[in-house]
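Mapped onto our numbering, the consecutive letters of the sequence shown carry residue numbers 51 to 375. Even glycine gets a Cβ: it sits at the ideal position worked out from N, Cα and C.
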Amino acid sequence: MALTLVGSVPVGAAADQPEPLNRMAVQPGVVGTERIGPQWERVTVRSASMNRTVAVDVLHGSGQGPRPVLYLLDGVDAERVSDWLTKGGAAQFFADKPVDVVLPSGGTGSMYSDWERPDANLGWNRWETFLTGELPGVVEPYLQSDGRRAIAGVSMGAQGAMMLAHRHPGFYTAVAGLSGCYSTVDSTGNATIALTVGSRGGNVANLWGPPGTSEWQAHDSLVGAEALRGTVIHLAAATGIPNTVDLVTLAQSPDLAAALETAGGGVALEAGARLCTENFGRRLDELKIPYTVSYQPAGMHAWEDFSAELGPAWQTISAAFGQRR
51 MALTLVGSVP VGAAADQPEP LNRMAVQPGV VGTERIGPQW ERVTVRSASM
101 NRTVAVDVLH GSGQGPRPVL YLLDGVDAER VSDWLTKGGA AQFFADKPVD
151 VVLPSGGTGS MYSDWERPDA NLGWNRWETF LTGELPGVVE PYLQSDGRRA
201 IAGVSMGAQG AMMLAHRHPG FYTAVAGLSG CYSTVDSTGN ATIALTVGSR
251 GGNVANLWGP PGTSEWQAHD SLVGAEALRG TVIHLAAATG IPNTVDLVTL
301 AQSPDLAAAL ETAGGGVALE AGARLCTENF GRRLDELKIP YTVSYQPAGM
351 HAWEDFSAEL GPAWQTISAA FGQRR
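Here it is in structure tokens:
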């Protein structure tokens, strides 16, 4: 099995993007559904803000409804089907959990944000508007949810989740960031965003304008941390040091040389995520905002390790929902 890293492959999903809609005719809504498995459904949603349809996978929770909703954001690839489903084991993990999980797809390199300008490679991204303004008003009535919601994400999705939570205070009961960076204006955060967008062929100046301008500061969760007061927060990161699972996966790779080269990127990315997470934790400490953190002594920026972070994150989120599992 090849080691799979967030941030390791070029853009490959452009051909799979849904067809644009007639902007004059667009109203957010469900336009199609497809049953993938006993609890897994693919829901196609119209987005007025992005003038297209967006594929959203839904994992229906266990037990009798209504249930809360967890929005689970992918990493930088964010392809046609969320890597949480294809690589992260989310369908198996949530099969017995009393929560409906909503997994948007197609946000490759987008930072899950509203961009200032269309991008030649990454298109027209209005993910903040979609995720906070359009999708909940469509999918939650469809699921007959109980009105409670949380958001979590990994890597780029971790930063996106925290960003949305601080920019929309009180909208989410809980937020979890797994192996992410949370500043947009310090040197580490600035470089991380430039690498994230650029690695998928995007022009970072189309995101929030030139780095250092006011929109970059407005998306910085350290700057906006006070707005998270009252939201249950969970953070997780490893060190970048390969653990046993990482080493076994490397040893089993059919192309060991390529896997070792990719693994080097995973070491650096996770070490950076650990630094970012520690910086964010210090900021929350300064403000006396409570949070839960899960630091692992070993682990790379790889799906084999992200899957292990999901359990502790769910414990925090489910407690915020008043659940026991």
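Mind checking whether residue i and residue j have CB atoms under 7 Å apart?
{"i": "Val93", "j": "Thr103", "result": "no"}
{"i": "Glu359", "j": "Leu228", "result": "yes"}
{"i": "Val18", "j": "Trp266", "result": "Absent from the model: residue 18. The displayed extent of the chain is 51 to 375, so no value can be given."}
{"i": "Asn378", "j": "Arg167", "result": "Here the chain covers residues 51 to 375 and nothing more, so residue 378 does not appear."}
{"i": "Leu122", "j": "His216", "result": "no"}
{"i": "Leu109", "j": "Val151", "result": "yes"}
{"i": "Ile283", "j": "Tyr341", "result": "yes"}
{"i": "Gly207", "j": "Gly125", "result": "yes"}
{"i": "Arg117", "j": "Val149", "result": "yes"}
{"i": "Ser264", "j": "Phe180", "result": "no"}
{"i": "Tyr232", "j": "Cys326", "result": "yes"}
{"i": "Leu140", "j": "Trp90", "result": "Checking the sequence shown, residue 140 turns out to be Ala, not Leu. Cβ atoms of Ala140 and Trp90: not closer than 7 Å."}
{"i": "Ala226", "j": "Ala363", "result": "yes"}
{"i": "Asp146", "j": "Ser112", "result": "yes"}
{"i": "Gly252", "j": "Leu172", "result": "yes"}
{"i": "Arg324", "j": "Thr289", "result": "yes"}
Give the DSSP-derived three-state secondary structure of residue i in the structure shown.
{"i": "Arg92", "result": "strand"}
{"i": "Arg279", "result": "coil"}
{"i": "Pro201", "result": "In the sequence under discussion, the amino acid at residue 201 is Ile, which differs from the Pro named in the question. Strand."}
{"i": "Gly173", "result": "strand"}
{"i": "Ala307", "result": "Per-residue confidence for Ala307 stands at a pLDDT of 47, beneath the threshold of 50, marking its modelled position as unreliable; the derived number appears in the next sentence. Ala307: helix per DSSP, three-state reduction."}
{"i": "Gly252", "result": "coil"}
{"i": "Asp335", "result": "helix"}
{"i": "Ser271", "result": "coil"}
{"i": "Ser344", "result": "strand"}
{"i": "Thr289", "result": "coil"}
{"i": "Thr263", "result": "coil"}
{"i": "Phe221", "result": "coil"}
{"i": "Asp146", "result": "helix"}
{"i": "Ala211", "result": "helix"}
For the alpha helix (DSSP H) containing residue i, list its first residue and its last residue.
{"i": "Ser237", "result": "Ser237 to Ser249"}
{"i": "Ala358", "result": "Trp353 to Ala370"}
{"i": "Tyr192", "result": "Leu185 to Leu193"}
{"i": "Ala98", "result": "Element bounds for Ala98: n/a, residue is neither H nor E."}
Leaving out five residues before and five after residue i in sequence, what residues of the same chain have Cβ atoms less than 7 Å from its Cβ?
{"i": "Trp31", "result": "Shown here, the chain extends from 51 to 375; a query on residue 31 therefore has no answer."}
{"i": "Gly115", "result": "Gln194"}
{"i": "Arg333", "result": "Leu272 and Ala275"}
{"i": "Gly259", "result": "Glu166 and Glu265"}
Expressed to the nearest angstrom, what Euclidean distance is found between the alpha-carbon atoms of residue i and residue j?
{"i": "Thr366", "j": "Ala348", "result": "21 Å"}
{"i": "Phe356", "j": "Gln346", "result": "11 Å"}
{"i": "Arg96", "j": "Gly79", "result": "5 Å"}
{"i": "Ile243", "j": "Ile86", "result": "34 Å"}
{"i": "Ser155", "j": "Asp335", "result": "34 Å"}
{"i": "Gly197", "j": "Val188", "result": "12 Å"}
{"i": "Leu245", "j": "Ala369", "result": "35 Å"}
{"i": "Ser344", "j": "His351", "result": "15 Å"}
{"i": "Asp169", "j": "Val254", "result": "9 Å"}
{"i": "Gly230", "j": "Pro88", "result": "32 Å"}
{"i": "Leu153", "j": "Leu185", "result": "11 Å"}
{"i": "Glu328", "j": "Ala287", "result": "9 Å"}
{"i": "Ala318", "j": "Met161", "result": "20 Å"}
{"i": "Gly262", "j": "Gln373", "result": "42 Å"}
Which residues mark the beginning and the end of the beta strand (DSSP E) in which residue i is found?
{"i": "Ala226", "result": "Ala224 to Leu228"}
{"i": "Asp133", "result": "Premise fails: Asp133 lies in the alpha helix (DSSP H), Asp133 to Thr136, not in any beta strand (DSSP E)."}
{"i": "Arg102", "result": "Arg102 to Leu109"}
{"i": "Arg85", "result": "Gly79 to Arg85"}
{"i": "Leu120", "result": "Val119 to Leu123"}
By Cβ distance, which residues of its chain are closer than 6 Å to residue i, with the 5 residues on each side in sequence left out?
{"i": "Leu120", "result": "Val149, Val151 and Ala200"}
{"i": "Gly203", "result": "Leu123, Gly210 and Ala211"}
{"i": "Ala224", "result": "Ala200, Val282, Ile367 and Ala370"}
Regarding residue i and the ligand ADP, is the C-beta to nearest heavy atom distance less than 6 Å?
{"i": "Gly157", "result": "Inclusion of the ligand ADP in the displayed structure is not the case, the ligand content being empty and no account of it being possible."}
Residues in the same chain with beta-carbon distance under 8 Å from residue i, minus the five sequence neighbours each way, listed in chain order, please.
{"i": "Gly280", "result": "Pro219 and Gly220"}
{"i": "Gly331", "result": "Leu285, Tyr341 and Val343"}
{"i": "Glu311", "result": "Residue placement at Glu311 is flagged as unreliable, the pLDDT there being 44, under the threshold of 50; the coordinate-derived value follows with that caveat. Hits under 8 Å: none found."}
Of all the CB atoms in chain C, is at least one closer than 7 Å to the CB of residue i?
{"i": "Arg96", "result": "Here chain C cannot be found, since the structure has a single protein chain."}
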